[in-house]
Each structure stands twice: as structure tokens, then as C-alpha cells.
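S.K.:
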Amino acid sequence: MELFEIWALSLIVFLPLAGALVALAIPKEREEAVKLWALGVSGVTLILAVIVAARFDFGAAGRFQFEVDLPWIGAIGANYHIGVDGISLPLLVLSALVVVLCVIYSWKHWDEPHNPRGFLVLMLILATGMNGTFVALDLVLFFIFFELVLLPMYFMIGIWGDRTMRKIPGFKKEVETRLYAAIKFFIFTLFGSAFMLLGFLALYFKSGSGGLDPTFDIPELIGRGFLFEGTFAWLVFGAMFLGFAVKVPMWPFHTWLPDAHTAAPTVGSVLLAAILLKLGSYAFIRISIPILPETAREWAPFIAVLSVIGIIYGSLACLAQTDVKRLIAFSSVGHMGFVMLGIATLTEVGINAAIIGMVAHGLITGLLFFLAGSMHHRYHTREMSRLGGNLKLMPVLGGILGFTAMASLGLPGLAGFWGEFMALLGSYQPLPGLSTDFFRTAMVIGAIGTVLTAGYMLWMLQKVNLGEPSSEWAGKKFHDVDRYEMIAWVPLIVLIVAVGVYPKLVLGVTTDAVVGLVETAFSSVLGG
Amino acid sequence: MGVEVILNQFLILAAVLFVMGVYGLLVRRNAVMVLLAVELMLAAVNINLVAMEAFWQTTEALGQILAVFIITVAAAEVGIGLAIILLIFRNRRSANVDELDLMRW
Amino acid sequence: MGFEDWIAEPLNWVFAVIALATVVSGFRVVTSPNVVHAALFLVAALAGTAALFLLLAAEFLAWVLVLVYIGAVIVLFLFGIMITRAPTGRDESNLDHKRRLPAALVSLALLALLLWGLISQWGDTTIDRITAGTPTTVLGEGLLGRFVFPFEVVGFVLLAALVGGITIARRDLSPAEEKEWESK
Amino acid sequence: MVNAGLTTIYLAAEEGAIHAGTGGIWSEWAGLMLIGPMLAFLVIVMFGKRMRYQGAEVAIGVMAFNLIWSTVLLVLNMGDEGVLYERSIEIARVGGGLVFELGWMVDGLSIMMYWVVAAVGLAVFVYAHGYMKGEIRVTFFFAALSLFAGSMLVLVGSPNLVQLIIGWEGVGLASYLLIGHYWEDKENSSAAMKAFYTNKVADVGLIIGVIIIGVVLGSFHYWDLAAAAAEHSDLLGPVAVTAAILLFIGAMGKSAQFPFHIWLPDAMAGPTPVSALMHAATMVTAGIYLMARTFPLYQELATAARPWMIAAGTITLFGMGLLALVVDDIKRVLAYSTVSQLGYMMTAVAAGGYTAGLFHLFTHAFFKALLFLGAGSVIHAVHSNNMSDMGGLRHHMPHTYRTFVIGSLALAGIFPLSGFWSKDEILATLGYEGYNLVMWIAVAGAFVTAFYMARAVSLTFFGEYRGHGHPHESPRIMTAPLWALAVPAVIAGLVNIPGLKLPLIGSFTSWLSVRSVSMGDHHAESIDLGLAAAGLAAAVAGLWLGWVAFGPKAAKRRAERDWVEVPGLYPLLRQKYYLDHVALGMVWTIRSPLARAVNWVNDYVIDGVVNMVGALCQGLASLVYRGVDQRGIDGVVHGVSYGASGMGGLLRRIQSGRVQQYAGLLVAGLLLLVVLVLFVL
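Protein chains in written order, with this note's numbering: chain A, 1 to 528; chain B, 1001 to 1105; chain C, 2001 to 2184; chain D, 3001 to 3681.
Written as C-alpha cells, this is what we have:
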């Protein structure tokens, strides 16, 4: 069983990639074979992830487990260092799960230009990137996986995306939505990543001072936190902040998100919302805070301000949308605002809030995008003014939409509540040294944000779900939720309820790790 | 032999050929012509290799062996290249490189 | 060493002639307005190269060049030219880009850099001794001894290119298309 | 008994000084009452359609089970020893020493609530089975009813504030589902939204209040809160008033206190059984319950918050009662009446009348459920909500008529029906605590209450029938619950007659407290005859005036309902004090100008910057390109693609597509690099 300990994570990361290569060898016409293969590969990955979770030593959640540390690029001291702890485990399992569900969902739902093989190959590559990011413990490795997700997503949006033409303010030409969105997504993220890489390199070189070998190793860098101080640390944090904040996305770096979500094919939106956005916030917890805790304290109020702006701004922007998918996309801005607010408090509760918020947002918004995609599939429009009476036309779909919207607005007892509630809980009493008044104001504004969230979700439900169907759809036969959709959605629904009723499912793993992280990073101010 | 053969005379000749190849590569529209230019560049490289071998006096004919490899790969390249050009020509009724801007936004 | 000394060496006479021919042919390859001519000038340029190889006592390589290139590759090219119906006549307007100037500038700059590099590095260094010719056996032993693995790999590449070329270029015409093809 | 030094039951419990049994297995498994309706909800949603009675049997069965269980608990609690039990299951440790728990609590207060929810719930469920026959989505209706009751039980059974929030919002969700039951009409779905949303706004207060208490105390437990309050804890002290007011804001939302009451009249859009359940047992009582549960906080630390609460309660009890005078919809009359009665309860609790407020909650639950079900029966018969379509129904619907009158009299506070006793207790408490002005307003409120009930009864059951068709009595399955509720509406008051302790049953006060420990509130030990007479007189006067103004004789004179139109006041009342306009105005401001402004900023400012950067790069690059490549410009400036070509290899590859141009630039770049490396560096 020692063997499993060593190989498990590497398999989880690289099995999808290998699967993608093999899938390329399957003739394009044999779609069923490709689908089965992709399902098998992602399924095995999920099973491995679940086994890892089952064999995970919950008593030592703060320690990296299933760790592998091999020399990789000797010249720059980059190691192949991977491992999971309580913080990354839930996200890893979530990522593996969502990929499987996406494969199942896409069984019968293909956007033009079809080509399942190409799409599934991209999805598997994406899986490698996502899983890899969550287990990487080396900055170079992290960077590679972090960037690896860009390409498949770029192609997913650019090829299978929305083909309508769109006028961009400030440009004479009309462009195809998918191309605009794909390029915006790519360039925006790349822009952030450039700064992030700069930050990584700065850390690397600085870590070499004092007679030590420079290193990219994250745990090692955490141990050398004393080397990074003053303006240097401030700038490095800023550089990494840019990279992560774009990915999260935090206001005002969010504008790629509504476009990308709206233009992406359903599965692309789901993956984007469920996993990709988490990479940024995860990186804050994994890299920025532990390595540069002192600087994090300087930056925290700034992050908190952007977060609450994002919460209010996202909710208000939602109220002005006419496109269902765009509305859901903007809701992500608000929800990730809560996640970042939790992180900004730098407390155990706040960071826990961020993690459970990420998981919940992944489950809920993923499901919402599935639903939006399925509705678009049937109505061929996402304009809310044309929809209405969905619950009457498709009771099951409408019911699930209602349920998910409720979960999204943070109904207690469902997953979304804990993230919001705990983020607010954390901001009432932030880390000692941070301005209490400031964070309490943020808490109140955030709480008002929950009201606005409820506002647009209810409004969306009323527009889409309730009322009489418009005459446009009279006499049309709508196929309610089909088998594949059901199989893809039920796990999400069950998890939303399960995490909502028993948040220990997530927090039971994370708390020890988070407590360890906060205590190590902020031992000076906690006085412990 | 004691002959007054300067190394550079070969190298410069190769450089000139190479640069002409580059020029052709940049300026020709027809894909076949582009391939021709590439061949010219490869020939220049071969001259370099053989000249350097003569200069270093290797006994294992390393330069020549490398040149053999280059010739072989070049032949393969021409085969594939022409096949691709043929395919493009069939689909677009033209083998002009500057019309192949599918990748453009 | 002056030019006098250099030119006194008979070998260099030969070199000068060959070099001149090669350069001129090469120049015509990239400037000729006629595609077929360009291909034929490439033959000349390659022949010049082969001659240089002979001069450097690499006979085997020289003949390989002649056989492989002039014998096979050029023929392939000519086929390609014919199949793609490149303008075989004189067609200045169409064969080149209009952007010759920047290309020429770039090329000349490259040449200048190369020349600078070569001259500053090697200067007047002479080749001491041109061996009486490397025995082809050495070449053979090298290829099948020390370099046998790359040799096999290259062979495989060639095979792959062969198969790939056929696969790419092959197309089954439908009867309608065949008719259209003929009518054109 | 006069309050002599406060010892809360909570504190006493911790010291082990209380005389209370644990209730044995009935307490240990009391959680079943919380889980049951929730499971029923799931079962009905999943399998209800295949059941014979479309899921109603499951809902009713579970409710009957709950009634039996809670009755046993109630009886156990009546003895000399009360019942006190609590069980919590940890659902998360969140760091910072905080723990989230789910569980249940069995003490006098929660037993009373369990029983009320179960008793009223069972009556309503049975009634609804008849009422909803032939309606659409019956299955889902019963599922949501179960969820409604279940959430309420989760709320009242909660031993901590976090679970309270879960039940709290669950109740909100269920009310949303039920009010919007006929969601095909936009009006109904808007009413549902309004209810949910108004509550959500108020919940901000609750959530922040809970957070403050939780963080300050390091625990969300009521026990710890009460203990801290009793000890005048230094931790809690500085934030107590803030937290108390915030919790109160939450309670205002659920219990429809001014100005958060606006959702409640609109909530009549739901089917009548929903209104009955919502007004009697499951929703609006939640706020009162919360105030009672956190009573020590208000009693000890947050006394400064109490005037505000009393003010809100008083405005509600009088102002909202007036509104009931001018509406035509019979359900809205009852709705405003509920709001007004909730004002009584809130005022009482805020003034320190723990028992008084809860006692009124207890009696009110029965007669208000009775009135709503009666109204539903009438509506069922005449197919209209408006009293202008009714009249003279006493002959057609004898059972409904009789029970409705009983309910009305109880609500008006006529001796010896239940309402009399509970209202009297409130008045006595107010008087004792020295809130004399409030007390007299409350008496005036009793007058108003009697007045509008007399009006409603007169317009509905007396005079000539003004509607269409032939009204008929409702089936037995609907009238039976009416009679079942009429019984407690009459006798429930007897359990708390001041100075009278019934054998075996004990008194309501003792139910709510744990034996031998005082709750610290004032509870009258003898009847203040003067005050009782004043209250009764006000009620009788109101009934008389209503009868005169709207009775058969008056109705003969004037067919219109509102022939007394006091200038100035009448339009104000008809427009509901213009509060809806204010609320709508606020929503509109957010929805329209504000949201649009944000969206505009997003598209044109933030995105504008992004696009402008792109455009600038294009411009720059096209400049570069022109310089490098004079002759190559095709004349068409593909701004974007050229722009990108300047931005680097990646962008170029995406956007330009000219292989040779790349090659050229590649060579040029290489040259540049070499030159740079060789000559510059």
C-alpha cells in the first residue's frame, strides 16, 4: 500500500492527460468509444481521489500527505513536489467529481461544431491542470498547472462557444462573442499570470539570500518567511495578488468573467465556475498568506474593500442583466467576494469560510450553469424576457432551478449558507491588528449583499420559472430533464444538501489545516 | 598538403547561401518556392558541417554523418511538405502562403 | 596572408569558380520569376555544393547529394510545381510578395551579422590539411556503429514521412468531382 | 408574585439547582418531531404523486404523530417537576473555538411551541385535505406545508442560535413556496417574493446579531447567552444593546412588526390553510418566540432596547388594527388583525411580560387559526375573498357561522373566552411595569379589535347575500377541524387564570418555567378587576359599535361596506399609510437606476478600460507595423489583429496569420537579440 501513497496523486493528476492522448488515437467517428473512454478515465480519477480522501489521515489534516518530492529541473531547483492537506483535499475531490459529471452531462449535449473527441480531450487536459494546481507544492509546478488550464478553456470557448455577433463598446467592428470572450479570457489571465510569475521568481531569488540555496518549494518558502519583508514583500504580494485576483476574479479584474461564462459552452461554464475560479482563491490560501503573512496583514484591508465592492457590485449588476447566463456569471463575482472577504479576515473562521464557500460555490454555481445550459438547449434563448413559466413547461427542471437558486442565495441548511455566514462571522472579529471597525463595516455591507443576492435570485426565479409561459412556446413540446442530466445533477443536489446540513463534511477536513496555517503564519500577533 | 585554404571561404559562402535562403523564405508567395528556399538553407548548413569537419580533422567523419542525417530529414521534409501543399491546393485552389491566414482573427 | 598567396593555390581557383556559380545559382533560385527555372537553378546550386564537398574530399557525401537531391528531390519539386499549377511562365507580379524591401533588409542584416561573426571568430584561419578523403568505410562504421540509433530513427522518420505523405495527399475523388476536375 | 432578584432557569440549570426531570425517552427522541416533517417533505416530493391522497396522508400522519408526542411531553411537563432536556450534535468546528451544532431542546417554552405547532398544524392539514381537493399541485402543497411545520419545529426546538437561523429561513422559504402556490399569476408570485424578501431584509439584523453574540461569547448556545446575561457578563455587556436590537429587527420581520409588516397582508395570496398555519403557529410567532427565548438578554442587559421594542409593538398593535377597518378582503381583515395581535405580544414581551406575551401567542394560535379556516370555508363557498360578495351566510353555513363567531368573540376578548384572559394578562403586565400610556393604547386597541371583528361578522354572515351562486356548507372534513379548534379557543384561557392553579394541569406560567425557578417576569396572581372591566368594556363597546355600524339594519341602509369615511384618515388607511409605496420605491431605486448604473459602469468604464488598453495596443502596434512594413499595408487596418501583432508572439499567432511575416520578424528579432547580447550587454 506504500505504492498507493506514492503514486495516487500523480495518477490523479496525469491520468486524465494520458487519457486525453489515448483518446486522440481513437478515430473521431467512434464517438461512443471516445465518450466511454473519457468517462472511464475521469471516473477512475474520481475513484482515486475518493480513495485518497478515504485514506487521508484526518487526525493530521494540517500535514501534507501522499507527498512526493523528487528532483525535477535541477538547474533552477524546481522539484516535482506534490501533496494534499486538509485545505486542498476537498477541492481536489470536487474537481475530480465535477469533471466526471461534465463528461456525463455532455453525453448527449454538444454545442456546435460537435466533435466530441476534441471536446473531451480538452476536458481531460483541463482536469490535469486543475487537479495539478490543487496538489502542486512547488511554485514552478504550480505555475505550469495554473497556466495549463488556460489553453483548453480558451479553445473550448473559442471553438464551441456562442456564435452570435456582438458589438463591443469602443470598437467599430462586430465580433463573434466566442472569439472576443476567448481572447479576453486568455489575455486577461495571462496578464495576471505574468505578474504572478514575476512574484514567484522574486521569491525564488530572494530565498537564496543568507547562504541558502534558492528554492521554489512552497513549504520550504513558508519556513523562510523571515527573508521576505518590507517593500520587497509588499511588491511580491502585489504581483501575486494581481495574478490570483484576476483568476478569482475580484473586482475590478472581473470583466472577463461574464463574457467568458456567457460565451462558453455549458460544460465550459460549469468547469469555469466550479473549479477554475477556485484556483485563484486557493492560491491565496496556499501561497500568498503562508509565505508572506506580515504583508498579508497589510494587504488585508485592501482585499476586503475589493471583496465587499465585488459583493455589492456583482449583485447590483445581476439585477440589470437580461441574459440568464450572464446573471449567473455576475453572481459568481458576488459569491467569490464572500470567499475573498473570508480570506481577508485572516482568521481561522474566515479562511474556513473561504474554503467551504469555494466548495459550495462550485457545487451550486456549477449546477446553475448546467441548468442554464439545458434551458438554452431547449429554448434556444437565454433572454429572461422571453422565458417564463419554465416550471409549468418543465416541472422537474424548474424545480431543480428553484432549489439551486435558493441554495445560491444562501438559504441556511444548504451549502451556500455556511460560506456567507462564516465569512461574516470572521469579519466581526478579524485577526488581531486589523481594524475591527473597518471589518465590521465590511460585515454589514456584506450582509446587505446577501439581501441583494436574494433579490436577484428571486427576481430571476420569478422571471424564468413562474408565471404563464409566453405564447411563443405554446404548443411546443419540451422534453423535461433527461437521464444524463439527472445523473449529472443528482450528485450535486445531494452534496448541496449534505454539506448544508452537515458542513463537517468539508470543515472536518479543513479546520485543523486552517488552524495550523493561521497559527504558524500569525503566531506573532496571536500571541500563542 | 600545406595548401592555403582558408576556413572562412567555405563558411562565408555557406552564410551567403543561407541568407539567400532566408530571403527566399520571406519573399516567395508560392509554397513550393518557399520549400526551395529551405533546401538552399539546408545546403548551406551542410557545407558548414563538412568544412568544419575538415578543419577539426576528425577521424570519425562526424560532420559528414550529420550531413547525411540532414539530407535524409530534408528529403522527408520535402515529401511531407509537398503533400501538405498539395492538400492545401486542393482545398483552396491556391498554394500561396499569404492567403493561408486561417489563423487570423 | 594576402590575396596573392591565396590565389596562388590552384585549389582556390577551383573554389572561386564553384563558389561563384553556386552563389549565382542560389541567387537565381530565390529571385527567378519562373518557378521551373528556380527549381533548375537549385539543381545548379546543389551541384555546386556537391562540387565543394568533392573539394573538401567528402566524395561519398557529394554523390549522395547528387543522387538524392538532384536525382529525387528536385524531381519531386517539379512534380509539385506541375500539380499545384504554379505559374510556370514568367510571372513576376504573382510569385513574390510586394514586401521585398523589408525581407531584403532583414536578410542583409543577417548576412552582415554572420559575416561579422565569422570573420571576427575565424579570421584567416586556414585548414591545415585536407585529408586525402575520409574513407567511406569510416562513414559507414560511424553510421552503423556509434550513430546506429539516430540512424534508425531517421530511417523511421523517413518511413513515417512516406506514409504520412501518402495519407495526406491521397484523396478519393467522387465521380462528380472527377468530372469537374477533368473539365477544368 | 413580585420579581425578587432574577435567577434564570438557564443559570439555575447549570448549577443543577432545578427540579426538573429529563422526560425520559420522550425527550431523548424528541428530535423525531423535528425530523419527521422534514422527512415527510422529502417523501412527498419524491413519491407523493403516486400516493392515493397525493401525499396528504403522509403529512397528516406525521403531524398526528407530532401531536401525540408533544401532548405526552406537555403532560409530563405539567407535573410537579418540569421537563428539561437538551441534545446537540456537532456539525462543524469552524476554528476560533466556535462550534456549530444541530439538536433539540425540551423545556417548557419549546414544549408549548411543539404542541401549538402540532395541534394547529394537524387541524390545518386535515382541513387542507378537504380544501385543496381538485386544486392544482396538491402534492407539492402538502410537501411545502410539511416543510413549513418542520422548519418551525427546527426553529423552536433549536438549542442554539445557528439552528434557529436555519429554521428561521426555512420557514421563510416554505412561506415563499406556499404564498406563491398559484404562481401563474404574477401578483401571487410577487406577494411570495415580497414575503420572503422583507424577511430576508430583516434577517440581516438577526444574522449580525447572532454573529455578535456568537463571537463575543464563543458560543451560540441559549444557555451561555442566558448565563452571560444573568451574570451581567463583561464580554456581552458592551454589545448587548446592539445585539438585542439587531435580533429584534429579525423578529420584526418574521412577526410582522411595523414597518416590516408590509409582507403579511399580501401573503394572503396563498391558499387559506396556509394563512391559517402562518398566522397561528408557524411563521409570525417565530419572532415572539425568539424574543421569549432570548428574554434574559432583554431583561438584564439590554434594557435600553426595550423602549424601542415597545414603541414598535404599540404602533403595530394600534395602527395595524385600524387598517383592518377599511379592507374588503376578509382574509386581509384577519391578516391585519394578526399583525395587531402580534403587536400585543411583542409589547408584552418587551415590557417584561414573558408569560403574558406567550400566553397570548398560545390562545391566539387557536382562535386565529379558527378564524382563518372559517374564512376559508366561506371563501370556498362563495368563491370570492371580498366581503362585498358575502352576507347572510349564517343560514347557509351554520357550522362555519357558529365557529367563526366563537373565534371572533375570543379575539375580541369577551369573558370567559380565551382571548379575554390573555389580553387581560397583557394589560396587567403593562400596568404593573408602569407603561400606563401603552396600557391605555392597548385598551383602545381592544376596542378596535372588537370593532373590526363585529364588522367582519356582520358583513359576512348577516344581511342579504350579495354574491353569486348558491353558497353551501363545507364538507365535514373541513368543519370538523373548525369545531376542534373552537374548543381550545373557548377554554384555553382557563389554564392561566390569575391566582387559580388547576389540579393536575397546573398553570400556563408553570408550564413555561421550570419548577421552583422564577422566569423573572411579572405574573399577576390575582385579577385586577378594574383593568379587566376596562378591557371588557372596550371590547363590548367595539362589538356594539360594529354591530350598529355594519349590522343588518345598517346594511339595509347602505350596501357599501365603508359608509363611515373619516376624512383624512380613511385615504391614509386605504393606502396602508403609504408604506408599500416607500418599500416599492426603495426596491425600484435599487432595481432600476442603481443596478443599471452599475451595469453601465461595468460595460463602459471597467470594460472600457480593458478594451481601451486593447485598442491602444492596437494603435501602437499598427504604428510599429507601418514603420517596419511600409509597403505591406493592405489599406485595411484590422485594428485588433495588428494591435496584437505588436504585443508579442502569442497574440500575433492568434491574430495575424501571415507565416512569412512571422518568420521575418523572427529573424529580425533574433538579430536584435544577438546584437543586444553581443554589443549592448
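Beta carbons: idealized from backbone N, C-alpha and C, even for Gly.
1) Apart from the five residues on each side of it in sequence, which residues of its chain come closer than 6 angstroms, Cβ to Cβ, to Gly3180(D)?
2) Roughly how many whole angstroms lie between the Cα atoms of Ser315(A) and Thr3242(D)?
3) Are the C-beta atoms of Glu3425(D) and some chain A residue less than 8 angstroms apart?
4) Run down chain D in chain order and give the residues with a C-beta less than 9 angstroms from the C-beta of Arg390(A).
5) Buried or exposed: where does Val1034(B) fall if 16 or more other Cβ atoms within 10 Å of its Cβ makes it buried?
6) With burial defined as no fewer than 16 other Cβ atoms inside 10 Å of the residue's Cβ, what is the status of Ser2025(C): buried or exposed?
7) Please confirm whether Gly426(A) and Gly342(A) have their CB atoms less than 8 angstroms apart.
8) Taking Glu3132(D) as the reference, which of Gly3055(D), Tyr3085(D), Ala3092(D) and Asn3160(D) has the closest Cα?
9) For Val3201(D), return the contacting residues in chain A, with the cut-off set at a CB-CB distance below 7 angstroms.
10) Using C-beta distances below 6 angstroms, list every residue in its chain close to Leu3672(D), excluding the 5 sequence neighbours before and after it, in chain order.
11) Please state whether the Cβ-Cβ distance between Lys247(A) and Leu277(A) is less than 8 angstroms.
12) Decide if Thr2125(C) is buried, meaning its Cβ has at least 16 other Cβ atoms within 10 Å, or exposed.
13) For Val1078(B), would you say it is in contact with chain D, using Cβ-to-Cβ distances shorter than 8 angstroms as the test?
14) Compare the C-alpha of Asn1008(B) against each of Val2138(C), Thr2137(C) and Ile2127(C) and name the closest.
15) With respect to the alpha helix (DSSP H) encompassing Pro3571(D), which residues constitute its N-terminal and C-terminal limits?
16) What is the residue span of the alpha helix (DSSP H) that Asp3266(D) lies within?
17) On the DSSP bridge list, what partners appear for Pro71(A)?
18) Determine the extent of the beta strand (DSSP E) in which Tyr3085(D) is found, giving its start and end residues.
19) For Phe66(A), which three-state DSSP category applies?
20) Roughly how many angstroms separate the alpha carbons of Glu31(A) and Ala3195(D), rounded to a whole number?
21) Please confirm whether any heavy atom of the ligand FAD lies closer than 7 angstroms to the CB of Pro395(A).
22) Do you know offhand how far Arg178(A)'s Cα is from Phe186(A)'s?
23) Measuring only between beta-carbons, confirm whether Phe421(A) sits less than 8 angstroms from chain D.
24) Quick check on DSSP: helix, strand or coil for Ala3269(D)?
25) Comparing C-alpha positions only, which one of Ala2016(C), Ala2057(C), Thr2049(C) and Val2035(C) sits nearest to Thr2136(C)?
26) List the endpoints of the continuous beta strand (DSSP E) containing Lys167(A).
27) Touching or not, the segment 218 to 228 of chain A and the segment 291 to 306 of chain A, by the rule of three or more beta carbon pairs under 8 angstroms?
28) For a contact defined as C-beta to C-beta under 8 angstroms, what are the partners of Leu2113(C) on chain D?
29) Which of helix, strand or coil does DSSP assign to Asp3424(D)?
30) Only counting the same chain, and skipping five residues up and downstream in sequence, which positions put a Cβ closer than 6 angstroms to that of Phe3100(D)?
31) Out of curiosity, what's the CA-to-CA distance linking Ala2995(D) and Ser3255(D)?
32) Apart from the five residues just before and just after Phe1018(B), which ones in its own chain have a Cβ nearer than 6 angstroms to its Cβ?
33) Just list the residues that DSSP pairs Thr2126(C) with in beta bridges.
34) List, in chain order, every chain D residue whose beta-carbon is nearer than 9 angstroms to that of Pro152(A).
35) So Val3094(D) contacts chain C; which residues on that side make the cut at Cβ distance below 7 angstroms?
36) Please classify Tyr3432(D): is it buried, with 16 or more other beta-carbons within 10 angstroms of its beta-carbon, or exposed?
M.R.: Well, looking at it:
1) On the fourth sequence, position 180 is the one that residue 3180(D) refers to. If we look at Gly3180(D) and ignore the five residues flanking it on each side, its Cβ neighbours are Asn3188, Ser3189 and Ala3192.
2) Mapped onto the first sequence, residue 315(A) falls at position 315. Mapped onto the fourth sequence, residue 3242(D) falls at position 242. So the two alpha carbons sit approximately 27 angstroms from each other.
3) Locating residue 3425(D) in the fourth sequence gives position 425, counting from the first residue. Glu3425(D) does not count as touching chain A.
4) Along the first sequence, read from residue 1 onward, the residue named residue 390(A) stands at position 390. This sequence places Asn at residue 390(A); Arg is not what is there. Within chain D, no residue has its CB atom less than 9 angstroms from the CB of Asn390(A), the nearest being about 11 angstroms off.
5) Along the second sequence, one-based indexing puts residue 1034(B) at 34. With a threshold of 16 other beta carbon atoms within 10 Å, Val1034(B) meets it and is buried.
6) For the purposes of this step, residue 2025(C) is identified with residue 25 of the third sequence, where counting begins at 1. Taking all protein chains in view, the Cβ of Ser2025(C) is crowded by 16 or more other Cβ atoms within 10 Å, so the residue is classified as buried.
7) Your numbering for residue 426(A) matches position 426 in the first sequence. Your numbering for residue 342(A) matches position 342 in the first sequence. Contact: yes.
8) Position 132 of the fourth sequence holds residue 3132(D). The amino acid at residue 3132(D) is misidentified as Glu; the sequence shows Met. Just measuring C-alpha positions, the residue of Gly3055(D), Tyr3085(D), Ala3092(D) and Asn3160(D) sitting nearest Met3132(D) is Gly3055(D).
9) Taking the first residue of the fourth sequence as position 1, residue 3201(D) is located at position 201. One finds Val451 in chain A with Cβ atoms closer than 7 angstroms to the Cβ of Val3201(D), taken in chain order.
10) Position 672 of the fourth sequence, counting from 1, holds the residue named residue 3672(D). Take Leu3672(D), set aside five residues on each side of it, and no residue of its chain has a beta-carbon closer than 6 angstroms to its own.
11) Counting from 1 along the first sequence, the entry for residue 247(A) is found at position 247. Counting from 1 along the first sequence, the entry for residue 277(A) is found at position 277. Yes, the Cβ-Cβ distance between Lys247(A) and Leu277(A) is below 8 angstroms.
12) Stepping through the third sequence from its first residue, residue 2125(C) is reached at position 125. Thr2125(C) sits exposed, since fewer than 16 C-beta atoms from the chains shown fall within 10 Å of its C-beta.
13) For the purposes of this step, residue 1078(B) is taken as residue 78 along the second sequence, with counting starting at 1. No - not a single Cβ of chain D is within 8 angstroms of the one on Val1078(B).
14) Within the second sequence, numbered from 1, the residue matching residue 1008(B) stands at position 8. When C-alpha distances from Asn1008(B) are compared across Val2138(C), Thr2137(C) and Ile2127(C), the shortest belongs to Ile2127(C).
15) Working through the fourth sequence from its first residue, we reach residue 3571(D) at position 571. Start and end: Leu3569 to Arg3574.
16) As a working note, residue 3266(D) is residue 266 in the fourth sequence. Boundaries of the alpha helix (DSSP H) harbouring Asp3266(D): Trp3263 to Asp3266, taken from the DSSP string.
17) Within the first sequence, numbered from 1, the residue matching residue 71(A) stands at position 71. Answer is Asn79(A), bridged to Pro71(A).
18) As a position in the fourth sequence, residue 3085(D) is number 85, starting the count at 1. For Tyr3085(D), the uninterrupted beta strand (DSSP E) segment begins and ends at Tyr3085 to Gly3095.
19) Within the first sequence, the letter at position 66 stands for residue 66(A). Three-state DSSP puts Phe66(A) in a strand.
20) As a working note, residue 31(A) is residue 31 in the first sequence. As a working note, residue 3195(D) is residue 195 in the fourth sequence. The alpha-carbon atoms of Glu31(A) and Ala3195(D) are separated by roughly 50 angstroms.
21) With respect to the ligand FAD, the structure shown offers nothing to examine, as it has no ligands at all.
22) The sequence position of residue 178(A) within the first sequence is 178, counting from 1. The sequence position of residue 186(A) within the first sequence is 186, counting from 1. Those two C-alpha atoms are separated by around 12 angstroms.
23) Numbered from its first residue, the first sequence carries residue 421(A) at position 421. Closer than 8 angstroms to some Cβ of chain D, the Cβ of Phe421(A) qualifies, so yes.
24) To locate residue 3269(D), count along the fourth sequence from 1; it is residue 269. Of the three classes helix, strand and coil, the one that applies to Ala3269(D) here is helix, per DSSP.
25) Your numbering for residue 2136(C) matches position 136 in the third sequence. It is Ala2057(C).
26) Taking the first residue of the first sequence as 1, we reach residue 167(A) at position 167. Where Lys167(A) is concerned, the enclosing beta strand (DSSP E) stretches over Met165 to Lys167.
27) The segment 218 to 228 of chain A and the segment 291 to 306 of chain A touch, with no fewer than 3 CB-CB distances between them shorter than 8 angstroms.
28) Translated into positions along the third sequence, residue 2113(C) becomes position 113. For Leu2113(C), the chain D residues whose C-beta falls within less than 8 angstroms of its own C-beta are Leu3671, Val3674 and Val3675, listed in chain order.
29) Indexing the fourth sequence from 1 puts residue 3424(D) at position 424. Helix.
30) In the fourth sequence, the residue the question calls residue 3100(D) occupies position 100. Counting only Cβ-Cβ distances below 6 angstroms, and skipping sequence neighbours, we find Ile3091, Ala3092 and Val3162.
31) The shown model of chain D, from 3001 to 3681, leaves out residue 2995(D), and the question about it has no answer.
32) For the purposes of this step, residue 1018(B) is taken as residue 18 along the second sequence, with counting starting at 1. Within the same chain, Met1041 and Ala1044 come within 6 angstroms of Phe1018(B) by CB-CB distance, once the 5 residues on both sides are set aside.
33) Position 126 of the third sequence, counted from the first residue, corresponds to residue 2126(C). In the DSSP output, where bridge partners are listed per residue, Thr2126(C) has Ile1006(B).
34) Position 152 of the first sequence, counted from the first residue, corresponds to residue 152(A). The contacting residues do not exist; Pro152(A) stays about 16 angstroms from chain D at best.
35) Along the fourth sequence, read from residue 1 onward, the residue named residue 3094(D) stands at position 94. Contact of Val3094(D) with chain C by beta-carbon distance below 7 angstroms is absent, the smallest such distance being about 60 angstroms.
36) Your numbering for residue 3432(D) matches position 432 in the fourth sequence. With 16 or more other Cβ atoms from the protein chains shown falling within 10 Å of its own Cβ, Tyr3432(D) counts as buried.
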